[in-house]
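Note that my numbering gives residue 24 to position 24 of the sequence shown, counting from 1, and the numbers run on in steps of one.
Backbone N, C-alpha and C define an ideal beta-carbon position, used for all residues, glycine too.
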Amino acid sequence: MKTLLHKGGAQDLNVYTVGFKGGPGKGLLGYATFPSSYEVNKTDDGVVIQYATLPGGTYADYNEGKTLTHELGHWLGLYHTFQGDSCSGDGDYVDDTPPEETPTAGCPKNKDTCPGGGVDPIHNFMDYSYDSCIYEASFFAVLCLPFLTPLQFTPGQVERIKQQIGVYRGIELPD
């Protein structure tokens, strides 16, 4: 599908909406390529999401459009906040996201899988919380309206995005 439909280059976001096997509520919400993989397979570049995760869709608990923002985060170079499933190590390579051992299910209060590092970032777009749990401004506000706070990409995540897309996508964003 992507080979036939893909348009543009490294700077161009291609978004594909699909109905994954099993249908809404049966697993996969979406996936994306990372900036560093563009040169390896240019026509595979982009974001794929389950159509039922768009606002008003039928995918229970994930139908406010946050899946697209999450997958866009990957396309821009962000990992999951629970990357590596460990309380030690590099995790998501972002210093200001607290360590998180496991992905979030639902919207639990005071989830803390790695004591000492702060409560888990359940409101962050790069976790797996329900859409209703990720209630702050969208990704586009991070880039276009930086005066809006609080945002659920951290300043460190925004810096990583700038670095990743600068190196791999040739996109320079202002400071």
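Could you tell me whether the Cβ atoms of aspartate 127 and threonine 81 are closer together than 8 Å?
Taking the first residue of the sequence shown as position 1, residue 127 is located at position 127. Taking the first residue of the sequence shown as position 1, residue 81 is located at position 81. Yes; because the gap between Cβ atoms is below 8 Å, this pair is in contact.
Around the C-beta of serine 129, are 16 or more other C-beta atoms found within 10 angstroms, so that it is buried, or is it exposed?
Reading the sequence shown from its first residue, position 129 is the one you call residue 129. Buried is the call here.
Within 10 Å of its beta-carbon, does glycine 211 have 16 or more other beta-carbons around it, so buried, or fewer, so exposed?
No answer is possible for residue 211: it lies beyond the span of the chain, which begins at 1 and ends at 175.
Any chance the segment 92 to 102 sits against the segment 49 to 68, with 3 or more Cβ pairs inside 8 Å?
Counting Cβ pairs under 8 Å, fewer than three are found: no touch.
Just the C-alpha distance for tyrosine 38 and lysine 162, rounded to the nearest angstrom, thanks.
To locate residue 38, count along the sequence shown from 1; it is residue 38. To locate residue 162, count along the sequence shown from 1; it is residue 162. The straight-line gap from Cα to Cα measures roughly 16 Å.
Going along the chain, which unbroken runs of the alpha helix (DSSP H) with 4 or more residues stay wholly within the segment 97 to 134?
Counting whole runs of 4 or more residues, the segment 97 to 134 contains no alpha helix (DSSP H) stretch at all.
Can the beta-carbon of aspartate 61 be found less than 8 Å from the beta-carbon of aspartate 120?
Your numbering for residue 61 matches position 61 in the sequence shown. Your numbering for residue 120 matches position 120 in the sequence shown. In this structure, aspartate 120 does not lie closer than 8 Å to aspartate 61 by Cβ.
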